Amino acid sequence: MSARLQDIIRPEIAALSAYAVPDARGLIKLDAMENPYPLPESLRDPWLAVLKDLALNRYPDPRAPELASMLRESMGIPSEAGLVLGNGSDELIQMLALAVARPGGKILAVEPSFVMYRLIARFAGLDYLGIPLKADDFALDLEAVLAAIERERPLIVYLAYPNNPSGNRFAAEDLVQIIESAPGLVVIDEAYAPFTDASFLGLVGDWDNLLVLRTLSKMGLAGIRLGYLVGPAAWIAEIDKVRLPYNINVLSQATASFALRHKSVFDEQARLIREERQRLYQGLKQLPGLQPYPSEANFILVRVSPSQADRFFARLYDAGILVKNLDGTHPLLADCLRITVGTPEENARVLQALAGLL
Ligand code: PMP
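Residue numbers are given in the UniProt record's numbering: position 209 of the sequence shown equals residue 209, and the series is strictly consecutive.
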């Protein structure tokens, strides 16, 4: 007799759909917070020269020593802190879950925020608690978070700083209170660090339960999948035990090291994106009926008129622009679209298409 799906697959997995990514071929892709600028032409040959010498027949060095020291130096990681690399920061969220998972174990995050905190908790059989942000401006409800921490004793608290999808940055002093009250780990997810001026990275070590999660995706290297987690060495050593032996492939290691040697190129791209964010925000604000939220990241959350999100999404799609329609994904995101900041031309196309609709 053959195995039956419902006897083997856990019910909470059977109830999920696989993570779907829309087909963006031929469209201006503003749905996934990518950097719109490719590797500059002048760096292509030097990069290929690096790749040419790689040994593809050998497993990668699991310690990735060159990349690790480049990251430490170029990102300002405190010298005594531990560092572990992941295949994107997604994989590090998964490693954290694997390291702590036990029956009844809890993960806490605010909502709406990055969906993988909830999904990965579920994959690992952990309970997930989502504490709503404030409805009018997506600010942290500090009292509610502290009360939930006290009541539920979560193993891990996740806070995205700045937050996705709202784009705001929570008050640093609130995060400090959370770190000081939490009985478990607090992971500050700084995926959008290139687009803001505040960071907890330099404070790693000041509290024994603070970890900072970063990624190279948003800075312009989403294709190579490289995330990194920084924290007190003793914690990182434990997380490292659940890492798959060769999780960062040779192409990604070499490409990331190469890119960090040319980090000023990416810093300049981030500066342009920040400038464009301001222009896109002002442009959206001037369109009647649209409510853009201020952003410290490389995307802008926009609320459109009630029940109009599908129409706006479709209109942009017809104009060749793919954004993210968040309507229906969370009560606080009713009528909301999230638009990644693109090149000046792409952003002008967005504003033009929206103006045509109003
Ligand atoms: N954290 C946050 C807050 C994000 O928004 C994202 C991507 N959307 C990630 C982590 C994952 O990034 P990656 O896996 O590409 O490193």
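Even for Gly, the Cβ is constructed at its ideal location relative to N, Cα and C. Treat the numbers as computed from the prediction; the structure is a model and nothing was measured.
- Using a cutoff of 7 angstroms, the CB of Ser217 counts as near the ligand PMP, since one of the ligand's heavy atoms is closer than that.
- Here Ala198 has Arg169 and Ala172 as same chain residues with Cβ atoms under 7 angstroms from its own Cβ, once five neighbours each way along the sequence are excluded.
- About 6 angstroms separates the CB atoms of Asn347 and Glu276; that is less than 8 angstroms, so the two are in contact.
- Pairing Ile107 with Leu155 gives a Cβ-Cβ distance under 8 angstroms.
- If you look at Gly356, you'll find it in the alpha helix (DSSP H) that goes Pro344 to Leu357.
- As computed with DSSP, Asp127 is found in a beta bridge with Lys106.
- Nearest C-alpha to Gly220 among Pro38, Val230 and Arg153: Pro38.
- In this structure, Ile93 is the residue among Ile93, Val265, Asp310 and Cys336 with its C-alpha nearest to the C-alpha of Val157.
- Counted as a single uninterrupted DSSP element, the beta strand (DSSP E) harbouring Gly82 occupies residues Gly82 to Gly86.
- By the Cβ test, the region 48 to 64 is in contact with the region 240 to 249, since at least three Cβ pairs between them sit closer than 8 angstroms.
- Residue range Glu41 to Lys52 is occupied by the alpha helix (DSSP H) that includes Ala49.
- Checking the 7 angstroms criterion, the Cβ of Ala99 is out of range of every heavy atom belonging to the ligand PMP.
- About 13 angstroms separates the CB atoms of Phe312 and Leu351; that is not less than 8 angstroms, and the two are not in contact.
- Beyond the five residues adjoining it in sequence on each side, Ile239 comes within less than 7 angstroms, by CB distance, of Val84, Met95, Leu96, Ala99 and Leu229 in the same chain, given in chain order.
- Exclusion of the five residues before and after Asp31 leaves Leu322, Val323 and Lys324 as the residues of its chain whose Cβ lies within less than 6 angstroms of its Cβ.
- With contact defined as three or more Cβ pairs closer than 8 angstroms, the region 181 to 196 and the region 279 to 287 are not in contact.
- In this structure the region 250 to 268 lies against the region 42 to 56, because at least three pairs of beta carbons, one per stretch, are closer than 8 angstroms.
- Taking 8 angstroms as the cut-off, the Cβ atoms of Gly82 and Ala270 do not count as close.
- In terms of CA proximity to Asp327, Ala314 leads the group Met116, Gly320, Asp318 and Ala314.
- The nearest non-hydrogen atom of the ligand PMP is 7 angstroms or more from the C-beta of Phe170.
- As a beta-bridge residue in DSSP terms, Asp189 pairs with Ala160 and Leu213.
- Here Thr340 is bridged, per DSSP, to Phe299.
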